[in-house]
Every structure is written in structure tokens, then in C-alpha cells.
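Residue numbers (the numbering used here): 4 to 240.
Reading through the C-alpha cells given below for one structure.
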């Protein structure tokens, strides 16, 4: 069950393009490092890659970490690697208001984290040019010096999210994302049309060790944290 925490002051987040440099504090971004390069047996592979499949492919090893910290979990139960499919419907957007600068918004009312594992999302069937189908990556750092509400919260971070420092990124269809262990993030937010994601992580089937959630609006009143969403598809509330 999610932990209720005090709501922050009203906050309107603006979207930033998802890049490795901007996302480094929270995890890593997966994308083709050389999207305009066609593999060829007659050309040497670029730095960081390996020629494969008789020169018809380029392999980029270790593009994202797969981290398993369950040895530090209180239960001591072993973990296992899982690959799942998430089929995500587009989220509704609230209509534009003067307070949102005339832009539709997505209300953020819940964050989650996986304290002992990375979690990787890779979209299927999209491309960089899929302008009307995107997804949002909404994250927050842990607050310093504030203990988590549940005693099961352990390494790598014991703290609740610092909602005042939340950030929102917009991802292209040709990008995947890996959340580092303990990174507070919103559940997947898809805009435009449904999107399937391949999701890789470790689990041990202990609820509070696999996923921890916090909410702050309690289902009452207007959302106090919103993301302004310019120029992308999405249904309206």
C-alpha cells in the first residue's frame, strides 16, 4: 500500500528532452549512438562498438547497467531476473488553464521506486519521428535526512522523495530508459496511443522490497504537481 506523505507546494513542471547528460543522476538512457550510420563490413566500427554478424551489424556492449542489490534486502530472499511486457494506454491530460500557460497538463500524484534493482523500459514499434506518440519520464531525488515511512526501506536510499526537486523529461520513440536502484519515478506515462514496453528488472516477490510507493494528494482536491505538455498527442480529461 502506498505511503501518504505531505503534499508539496503547487508545482508546474516543464518538459526537458531526455538525454544521458540530463538524466545521469537518475539512471541511463538507451539509444543508438550512431543513428545515421549503416553497418558495413568494408568500414571499421566506430569507437565503443564491435562489428558483428559478418559485418552486417554493430554491437554496442553494456549500454545500460543491470544492477541487483537484493543481497542487501531485509528478507534475505534471493532475486531472479525478469523480462516483462507492459502495454501502456495513453494517459489523459487536464485541459489548458491560464495557470499552466495555456498548455494541457498531466497530474502527478504518485511516485514509486525499486530499492534493490534497476528497471529498464524499452518501447516497441516506435521511431524517433513518432511525434504524436511519446512518453514522459518523471523523477525525483531522495530527500536528505528524512527517514522513509516504512522500516523495510533500506539501501540504496532510505529517504522519501524530495518533491520540490522533481523533474520531467520527454522521451523519443527510439529511446529506452533505465532507472537506477532507488530512483523515485512516476509510473509510465504514455501520450498519443498505446505503447508496448519490454521491461527488465530483478524481483524477489517481497512487495516492499520490489516496489515502494508514495502518494500525497490522497485522491482529494486538485493536483498540486502537474507537468505542462506542449505539442504532443494525448486525450483530454
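Glycine included, C-beta positions come from ideal geometry on N, C-alpha and C.
6 angstroms CB neighbourhood of residue i in its chain, flanking five on each side removed
i: residue 240; result: With a pLDDT of only 39 at residue 240, under 50, the local geometry of the prediction cannot be trusted, and no value is derived from it.
i: residue 228; result: 14 and 111
i: residue 208; result: none
i: residue 188; result: 142 and 182
i: residue 170; result: 142
i: residue 65; result: none
Beta-carbon proximity list for residue i, same chain, < 8 angstroms, skipping 5 on both sides
i: residue 180; result: 21, 26, 30, 31, 32, 33, 123, 124, 140 and 174
Counterpart residues of residue i in DSSP-defined beta bridges
i: residue 232; result: Paired residues: none, contrary to the question.
i: residue 3; result: The requested residue 3 does not occur in the structure, where the chain is confined to residues 4 to 240.
i: residue 88; result: 201
i: residue 93; result: 193
Opening and closing residue of the alpha helix (DSSP H) in which residue i lies
i: residue 210; result: 210–213
Nearest-angstrom Cβ-Cβ length linking residue i and residue j, presumed shorter than 8 angstroms
i: residue 216; j: residue 76; result: Actually they are not in contact, since the Cβ atoms of residue 216 and residue 76 sit about 17 angstroms apart, beyond 8 angstroms.
i: residue 42; j: residue 14; result: About 45 angstroms separates the two Cβ atoms, so there is no contact after all.
i: residue 49; j: residue 37; result: 6 angstroms
Delimiting residues of the beta strand (DSSP E) encompassing residue i
i: residue 62; result: 60–62
i: residue 203; result: 198–206
i: residue 122; result: 122–126
i: residue 225; result: Element bounds for residue 225: n/a, residue is neither H nor E.
i: residue 182; result: 179–182
i: residue 31; result: 30–33
i: residue 185; result: Counting along the chain, residue 185 falls outside any beta strand (DSSP E), and DSSP gives it neither H nor E.
i: residue 27; result: Taken as a continuous stretch (DSSP letters only), residue 27 belongs to no beta strand (DSSP E), as it is neither H nor E.
i: residue 162; result: 162–164
Own chain, CB closer than 7 angstroms to residue i, minus 5 neighbours either side, in chain order
i: residue 201; result: 86, 88, 125 and 127
i: residue 67; result: 31, 33, 123 and 181
i: residue 192; result: 94, 109, 138, 139 and 141
i: residue 159; result: Because the pLDDT of residue 159 is 45, which lies under 50, any placement of that residue in the model is unreliable, and the number read from its coordinates should be weighed accordingly. Answer for residue 159: 72, 118, 184 and 185, listed in chain order.
i: residue 178; result: 21, 32, 33 and 34
i: residue 165; result: 143, 144, 145 and 146
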